[in-house]
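Please read the structure below before turning to the comments.
Protein chains: 2
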Amino acid sequence: MPTSNGVADETSTPARILDAALASFATRGYEATSLDALAAGLEVRKQTILYWFPSKEVLLDAVIDRSAIELSEALEGSLATAGTGWVRVEAVVRSVFRLAARQPELLGLVREMGRLGAPAATRFVAALEPLVSRASEFLEAEMDSGHMRRHEPRLLLLAIYSTVIGMLTEVELLRALGEEPTARSLVRRRAEILDLLRSALVTSTA
Amino acid sequence: MPTSNGVADETSTPARILDAALASFATRGYEATSLDALAAGLEVRKQTILYWFPSKEVLLDAVIDRSAIELSEALEGSLATAGTGWVRVEAVVRSVFRLAARQPELLGLVREMGRLGAPAATRFVAALEPLVSRASEFLEAEMDSGHMRRHEPRLLLLAIYSTVIGMLTEVELLRALGEEPTARSLVRRRAEILDLLRSALVTSTA
DNA sequence: TTGGTCACTTACCATATGGTAGACAGATCT
DNA sequence: AGATCTGTCTACCATATGGTAAGTGACCAA
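Those protein sequences? They're chains A and B, same order as listed.
Using this note's numbering, read the first sequence as starting at 1 and increasing by one per residue.
Using this note's numbering, read the second sequence as starting at 207 and increasing by one per residue.
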């Protein structure tokens, strides 16, 4: 049986397995990822993977858990920013884009989650539930106090989420639209999203 | 060799295969769909599928082609609506929601396309290219004539697309947010999207 | 009647997949 | 030194997968 704290070390085998699995799940997808291919990329036998994670599904769960934590930590900070409603929304969107530049696999996994069946998706959503609740409550409070145009808070959240994820993960569509995955393009996409959201949310012109 | 016009008839074997494949590709995903499972659902031997579509990839291409045509036909009509800029945008969004109620698999496939590798996604995007160009040009013209707030047309298109698709296909997230997939919920989601888009696009208050 | 085509079936097959059993080297403990 | 534990490897396996080869009965034209 594997030691429980083996995952902590960044360079340990289980940590490397998690990294590779996250990357492959995010790009190729869960079903399209084979343990053999994963092991080959790590220069390790497949059975080593199964030693640390007794099944492919357990591996997925581990990836989900770790990613949800990283995602929460990255966003909760910016969600706690000071300032009026719009400033805070902008801070969160900016931090998502920063995250996408630093760890694109994380966003890819988020997208993949929406596709996987109930067990995995539910686990992921459950892990992010506190973040979602806080964001939803924040939006509602800001609308109550008149800082933002009135919308259904949870649906607004879904709309923001979908747009941001779309702008960051729809690589084929972006290519078809002439947007290559460069840093410059990322900045343009961020500006566009912020522009759209501001005009949809802000009540009075600054 | 199969006869080329076998697909035309709605109840023919190839047409039924296409229907089942579309449904499974849209919900389970392409890789997670096995020809055996597909055949079992149709009460047909797997080899019958391979008789009409010589490989799984060819079957996917056929599904893509047929779906792209249906999608184009459904949207081109509403895109040709008369009226000012916003009215036409609203008409298109409404027709997408109508389509989602009638043929939810079609929207599911669209979502799946963004996930599949270059060959499939490219084929799909290419088939929809005329529609995308026309929509993009329309948006640009409306912005030039001052009917709409200025945005990057292609990125705006992607934003609208992402939001609509998200509202219609993010079933797990919607459930977590308390939105069950009922007809009533669909109406609320549509209202929310239209509200968001209107405030983001329309220049003068009506 | 016969020859051929069409739609589909039964019988196989090579490969890849997730997963199991057990051996083995090195470190750690007694 | 001997026993135990840890991490990895070699060897194997049952199953599922996409795909091939060779039929079979129905229909149809000559």
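Note that the Cβ used here is the ideal one computed from N, Cα and C, for glycine as well.
Practice task
Identify whether V250(B) lies in helix, strand or coil by the three-state DSSP scheme.
Solution key: Here residue 250(B) refers to the residue found at position 44 when the second sequence is read from its first residue. Note: V250(B) maps to coil in three-state DSSP.
Problem - Nearest-angstrom beta carbon gap, L305(B) and M280(B) [assumed within contact, 8 angstroms] - result: Sequence index remark: in the second sequence, residue 280(B) carries index 74 (1-based). Sequence index remark: in the second sequence, residue 305(B) carries index 99 (1-based). For the record, residue 280(B) in the displayed sequence is Ala; it is not Met. Their Cβ separation, rounded to whole angstroms, is 5 angstroms, which keeps A280(B) and L305(B) in contact under 8 angstroms.
Exercise for the section: Express the C-alpha separation of L392(B) and R381(B) in angstroms, rounding to a whole number. Expected result: Taking the first residue of the second sequence as 1, we reach residue 381(B) at position 175. Taking the first residue of the second sequence as 1, we reach residue 392(B) at position 186. One C-alpha to the other measures close to 13 angstroms.
Exercise for the section: Excluding the 5 residues preceding and the 5 following R150(A) in the sequence, name in chain order all residues of the same chain whose CB lies nearer than 6 angstroms to its CB. Expected result: Along the first sequence, one-based indexing puts residue 150(A) at 150. Contacts found: M143.
Problem - Counterpart residues of V202(A) in DSSP-defined beta bridges - result: Looking up residue 202(A) in the first sequence gives position 202. DSSP lists M148(A) as partners of V202(A).
Handout entry: Local Cβ density within 10 Å of R88(A), reported as buried at 16 or more and exposed below that
Key = Here residue 88(A) refers to the residue found at position 88 when the first sequence is read from its first residue. Its Cβ being crowded by 16 or more others within 10 Å, R88(A) is buried.
Practice task
Could you tell me whether any Cβ in chain B is nearer than 8 angstroms to the Cβ of A206(A)?
Solution key: Numbered from 1 along the first sequence, position 206 holds the residue referred to as residue 206(A). Low confidence applies to A206(A): its pLDDT is 42, below 50, so where it sits in the model is not reliable, and the reading given next is rough at best. Proximity of A206(A) to chain B, defined by a Cβ-Cβ separation below 8 angstroms, is not satisfied.
Exercise for the section: Give the residues of chain A in contact with E416(B), contact being defined as C-beta atoms less than 8 angstroms apart. Expected result: Lying before the first or after the last residue shown, residue 416(B) is absent from chain B, which here runs from 207 to 412.
Practice task
Ignore the nearest five residues each way along the sequence and tell me which others in A326(B)'s own chain have a CB closer than 7 angstroms to its CB.
Solution key: Your numbering for residue 326(B) matches position 120 in the second sequence. The beta carbon of A326(B) sits closer than 7 angstroms to the beta carbons of L266, I270 and M319 from its chain, once the five residues preceding and following it are set aside; these are given in chain order.
Exercise for the section: Starting from the C-beta of K56(A), find all residues in its chain whose C-beta is less than 7 angstroms away, skip the five residues before and the five after it, and write them out in chain order. Expected result: One-based indexing of the first sequence puts residue 56(A) at position 56. So the list reads L35, once near-sequence residues are dropped.
Practice task
Could you tell me if S339(B) is buried or exposed, where buried requires 16 or more neighbouring beta carbons within 10 angstroms of its beta carbon?
Solution key: On the second sequence, residue 339(B) is found 133 positions in, with the first residue counted as 1. Under this definition S339(B) is an exposed residue.
Practice task
Using beta-carbon positions only, say whether L415(B) and E282(B) come within less than 8 angstroms of one another.
Solution key: Here chain B covers residues 207 to 412 and nothing more, so residue 415(B) does not appear.
Handout entry: Top-ranked residue by Cα proximity to G41(A), from P54(A), I17(A) and E31(A)
Key = Counted from its first residue, the first sequence places residue 41(A) at position 41. Nearest of P54(A), I17(A) and E31(A) to G41(A), Cα basis: I17(A).
Problem - Stretch-stretch touch, CB-based, cutoff 8 angstroms, three pairs: the segment 218-234 of chain B with the segment 193-205 of chain A - result: No, the segment 218-234 of chain B does not touch the segment 193-205 of chain A.
Practice task
Check each candidate in R272(B), A286(B), T219(B) and T233(B) and name the one with the smallest Cα separation from L256(B).
Solution key: Residue 256(B) sits at position 50 when you count from the first residue of the second sequence. If we check each option's Cα against that of L256(B), T219(B) comes out closest.
Exercise for the section: Would you identify the three-state DSSP class for L402(B), choosing helix, strand or coil? Expected result: The residue given as residue 402(B) occupies position 196 in the second sequence. DSSP, reduced to helix, strand and coil, places L402(B) within a helical segment of the structure shown.
Practice task
Would you list, in chain order, the members of the segment 222-256 of chain B that have their beta-carbon closer than 7 angstroms to a beta-carbon of chain A?
Solution key: Listed in sequence order: G235, E237 and A238.
Exercise for the section: With a 10 Å radius around its C-beta and 16 neighbouring C-beta atoms as the bar for buried, classify S145(A) as buried or exposed. Expected result: As a first step, residue 145(A) must be located in the first sequence, where it is residue number 145. Exposed, by the Cβ-count rule.
Practice task
Would you tell me roughly how many angstroms separate the C-alpha atoms of E152(A) and A397(B), rounded to the nearest one?
Solution key: If you number the first sequence from 1, residue 152(A) lands on position 152. If you number the second sequence from 1, residue 397(B) lands on position 191. Distance from the CA atom of E152(A) to the CA atom of A397(B), rounded to whole angstroms, is 10 angstroms.
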